[in-house]
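Just below is one structure, and these are the notes that go with it.
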Amino acid sequence: LALASPALGADFRGTEFGSSCAAVEEREKALGSERVPVNASSGGAYRFKGRAFDRDVWITYLCKDGALALGDYHFPEGKYDDAVGDYLAAYNVLLSVYGLPISAYARHGRMTSELTVPSAGNAPRDEYHASWKVRDLSLHVDFGCHEDMDLAGIGVFDRLL
Numbered sequence: 005l006a007l008a009s010p011a012l013g014a015d016f017r018g019t020e021f022g023s024s025c026a027a028v029e030e031r032e033k034a035l036g037s038e039r040v041p042v043n044a045s046s047g048g049a050y051r052f053k054g055r056a057f058d059r060d061v062w063i064t065y066l067c068k069d070g071a072l073a074l075g076d077y078h079f080p081e082g083k084y085d086d087a088v089g090d091y092l093a094a095y096n097v098l099l100s101v102y103g104l105p106i107s108a109y110a111r112h113g114r115m116t117s118e119l120t121v122p123s124a125g126n127a128p129r130d131e132y133h134a135s136w137k138v139r140d141l142s143l144h145v146d147f148g149c150h151e152d153m154d155l156a157g158i159g160v161f162d163r164l165l
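Here it is in structure tokens:
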């Protein structure tokens, strides 16, 4: 959360968490991603446009002291009903690889033992979150709505605990 899909171990797109970020650009180029400039003040950040979860995404690597500390997929913002499909694509891959999340909820909902995911159509326009803790990784998929509730954005974050 090395494929053009989520990490399948303690790595992010083939780069081990805690290892050097020196080969990130070369690895992303091999995956067909395009480097996107980032603000020079962001230090150890690398950003790319590429593919994951069978969708177009922004891919960010955050490195601390030259070592990978956090990996992020961010889906382009879109209409709520379209964004539901993006969220479910990421959520279902993580579900199939890592099993049930340790938590899944809607911001305006309440914690329950039932899985809580967005749905298209007449669904409430809540924000959704799911988390997995696997070995030494923390994985999250988040779905956020704008105030007008018509646009939504999704992020998938992996990080070493």
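Using my numbering, read the sequence shown as starting at 5 and increasing by one per residue.
The beta carbon of each residue, even a glycine, is placed where N, CA and C say it ideally should be.
Computed from a predicted model, the values in this text were never measured in an experiment.
- Residue nearest to H78 within the set D90, A27, F21 and V61 is V61 (criterion: CA-CA distance).
- Put simply, the segment 69-76 does not touch the segment 97-104. Fewer than three CB pairs are less than 8 angstroms apart.
- Between the beta-carbon of R51 and that of L35 there is about 14 angstroms, and that puts the pair past the 8 angstroms contact cut.
- Contact annotation: Y65 and C25 have beta-carbon atoms nearer than 8 angstroms.
- A residue is called buried when at least 16 other Cβ atoms come within 10 angstroms of its Cβ; V121 meets this threshold and is buried.
- Nearest C-alpha to H144 among D86, E81 and D76: D76.
- Contact check for R39 against A93 fails: the beta carbons are separated by 8 angstroms or more.
- In this structure, the CA atom of E131 is about 30 angstroms from the CA atom of E20.
- For a cut-off of 8 angstroms, the C-beta gap from E32 to G54 is around 6 angstroms, short enough to register as a contact.
- In this structure, DSSP gives V88 a helical state, which the three-state scheme calls helix.
- Comparing alpha carbon positions, the residue from R139, S135, G22 and S23 closest to L99 is S135.
- Shown here, R51 sits in a strand according to DSSP, grouped into three states.
- Around V42, the same chain offers A49 and R51 as residues with beta carbons nearer than 6 angstroms, after the five sequence neighbours per side are excluded.
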